[in-house]
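Okay, so here's the structure we're looking at.
Protein chains in written order, with the numbering used here: chain A, 6 to 296; chain B, -10 to 406.
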């Protein structure tokens, strides 16, 4: 068992350009079942050994793909995302960054009531170590185990996965959900998936300043949490009104401060690390506390 | 993690002339990393006017002489002379003044033009015929991240900071969340008017303005579009008193006119220079310079410095896949800040390669010994190769983020003493 992706995941690639083909290759090396790619007008041919299809619907029919990873440029990403959702692809991961908010609002409206879960955009993707990697993360920092991990930040995900792996704490599934203001799988939803997952023994929630996703995740855990959780909020020392790289990472007024998120975590019984390096020990302590 | 290569292609296709590869790349990434585009009141009002929302007659002027011409062209007074700067609180700072005669308007223009408002020099004023104000409302649209929908807000407590109203009297703000697929429907606009308690006589007009404002919000790719205050005049008519429009920087490629209205605030020169290089830079108050890859990691680095008892001088994210010359430019920008007393370079390589980072650092060190100590922590892709390249170079290398942060803070403190 794992969350959202595993050994039975059959992956389609939308956007087999330079980045797309590079990472499709890396995913195949990892053991991910890359079953096809879309390239309108090139259906019936292959590229790097990957069968090409004209539309997502045709690719799904022919290959039984149940997941799609999207590298399509920002200006065309809305169309690619809607096409995947329309074809009822179960898991859609959008790596593309720089998608306008208006386009994402259309996409998330289309997601409501659809058969798809969307991770991203502007994210490193997701990985169930040892089974399936759908993303651009360096695989060597991840290892199989029982820690479910959700993060709004890319590089910080690698950093923390590396710390966990080095201290012998493998991961069930890592979800890099992206730092944009409008995303497909916000922190509370990602936490819910991990909380419901049998293979996940403890949850690590990496948030950052901006928005109120961490507060809502804390509320969820307070009501329904079945397993111990450890949190980290990046940007505790960031000043208000300044956007810290990610479009979503900005404190405006009393909204989205690190203090509010840390308090929400603590009130929900989620241990809060003040530095990523503390996370492995806190996870061990939390597991021992429950065990 | 950065997958910017298509944005590169996009942006290069938009550029009029062929440019070297690196500036293409910088332009592509600028589209990702820039702050939302903030427009001046007179520009936002132009957008409103095109949408059919009534605005006072007005003209832009950048000299007292132009103000005089504007006043005569606008017809009978009184007039309002308003500073056009990208900060709130212009009125309190003396940047908005009422004039009863053309001479008075000119005198006001002379005092406002060149004035310093919160560090910004006033280069332009907007001259308008003064409205006859009976009541002030608030009408605004922005993004509700949690609901993943736009939120339309209407209040009869107008003319003041809406965030303050949201805290002191939240029930005085009516809110609606239109579907992004359908737009603001007539019944939703009506409901807002009823909920906010808009006077019966203005209900239809305000509802119509709300719908027009929503259409503008959509068509301009706004992240914020607000009319504050929305005047009810003594004759009962409704008119936009002030307007604010922020545009999603990711959408500027399809908003060429709005993009061409961008102005660079002189006090943001450093941030703009960094932006031109293609990375995200925010100036802070401390003395430990920071360079890292990935927004989350850089925020985490700022926090690590604070945990070690120091304060960061800046936020600088070189993005994913930074090459030698980008790292060099980043280091030069951080070192240009006179307050910086040590620099902490924190790289966890995914797409970014440790050896490229090392080459960038060495190319700076080769030219001259930096005036402050450098501390580096390299991990991830090609980190070992990077560390080997840096062996013998005048810098301190540490294995973990915490150790490196502590060292950078210690060195900054030492050089202060």
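In this text, a Cβ means the ideal position worked out from N, Cα and C, and glycines have one as well.
- Rounded to the nearest whole angstrom, the CA to CA distance from residue 147 (chain B) to residue 136 (chain A) is 57 Å.
- In terms of beta-carbon proximity, residue 198 (chain A) stays away from the interface with chain B, with every pair separated by 8 Å or more.
- Cα atoms of residue 169 (chain A) and residue 290 (chain B): separation of roughly 18 Å, rounded to the nearest angstrom.
- Scanning its chain for C-beta atoms nearer than 7 Å, with the 5 sequence neighbours on each side dropped, one finds around residue 196 (chain A) the residues 155, 208, 210, 222, 225, 226, in chain order.
- Looking only at A:292, A:279, A:232, A:282, the smallest Cα-Cα distance to residue 273 (chain A) is reached by A:232.
- Within the DSSP bridge table, the entry for residue 306 (chain B) names B:269, B:281 as partners.
- DSSP places residue 38 (chain A) inside the beta strand (DSSP E), whose first and last residues are 38 to 43.
- At a cut-off of 8 Å between beta carbons, residue 215 (chain B) makes no contact with chain A.
- In the three-state DSSP reduction, residue 329 (chain B) falls in the coil class, being neither helix nor strand.
- By the Cβ neighbour-count rule, residue 337 (chain B) is buried, with 16 or more other Cβ atoms within 10 Å of its own.
- Neighbours of residue 169 (chain B) across chain A, judged by C-beta separation under 7 Å: 110, 111, 114.
- Taking each of A:88, A:245, A:38 in turn and checking the Cα distance to residue 61 (chain A), the smallest one comes out for A:88.
- Of B:230, B:393, B:343, the smallest CA-CA separation from residue 376 (chain B) is found for B:343.
- The beta carbon of residue 303 (chain B) sits no closer than 8 Å to any beta carbon of chain A.
- Interface residue (Cβ-Cβ distance to chain B less than 8 Å): residue 225 (chain A) is not classified as such.
- Of the candidates B:268, B:273, B:272, B:288, the residue whose Cα lies closest to the Cα of residue 319 (chain B) is B:268.
- Between residue 405 (chain B) and residue 330 (chain B), the CB-CB gap stays under 8 Å.
- Per DSSP, the unbroken beta strand (DSSP E) holding residue 149 (chain A) starts and ends at 149 to 156.
- Cβ-Cβ distances below 7 Å link residue 9 (chain A) to 96, 122, 131, 178, 198 in the same chain, with the five nearest sequence neighbours on each side left out; the list follows chain order.
- Ranked by how close their Cα comes to the Cα of residue 73 (chain A), the residues A:160, A:110, A:20, A:193 have A:20 in first place.
- Bounds of the alpha helix (DSSP H) holding residue 32 (chain B) are 30 to 39.
- By the CB criterion at 8 Å, residue 226 (chain B) and residue 185 (chain B) fall outside the cutoff.
- Restricting attention to alpha helix (DSSP H) runs no shorter than 4 residues, the stretch 125 to 201 of chain B encloses them at 151 to 157, 175 to 185, ordered along the chain.
- For the stretch 156 to 169 of chain A, residues whose beta-carbon sits nearer than 8 Å to a beta-carbon of chain B comprise 156, 157, 158, 159, 160, 161, 162, 163, 164, 167.
- Per DSSP, the continuous alpha helix (DSSP H) segment holding residue 245 (chain B) begins and ends at 245 to 249.
- Here residue 274 (chain B) is exposed. Its C-beta has fewer than 16 other C-beta atoms within 10 Å.
- With fewer than 16 other Cβ atoms inside 10 Å of its own Cβ, residue 356 (chain B) counts as exposed.
- Per DSSP, residue 366 (chain B) is one residue of the beta strand (DSSP E) stretching across 363 to 369.
- In this model, residue 291 (chain A) and residue 237 (chain A) are separated by some 14 Å (Cα to Cα).
- When CB distances to chain A are screened at a threshold of 8 Å, the residues of the stretch 283 to 309 of chain B falling below it are 283, 284, 285, 286, 287, 288, 289, 291, 292, 293, 294, 295, 296, 300, 301, 304, 306, 309, in chain order.
- In terms of Cβ geometry, residue 391 (chain B) and residue 280 (chain A) form a close pair [threshold 8 Å].
- Following the DSSP letters along the chain, one finds residue 348 (chain B) in no beta strand (DSSP E) but inside the alpha helix (DSSP H) bounded by residues 343 to 356.
- In the structure shown, residue 234 (chain B) adopts extended strand secondary structure according to DSSP, grouped into three states.
- Shown in chain order are the members of the stretch 264 to 290 of chain A whose Cβ falls below 7 Å from a Cβ of chain B: 279, 280, 281, 282.
- The Cβ atoms of residue 38 (chain A) and residue 63 (chain A) do not sit closer than 8 Å to each other.
- The stretch 84 to 92 of chain B makes no contact with the stretch 122 to 135 of chain B: fewer than 3 CB pairs, one atom from each, lie closer than 8 Å.
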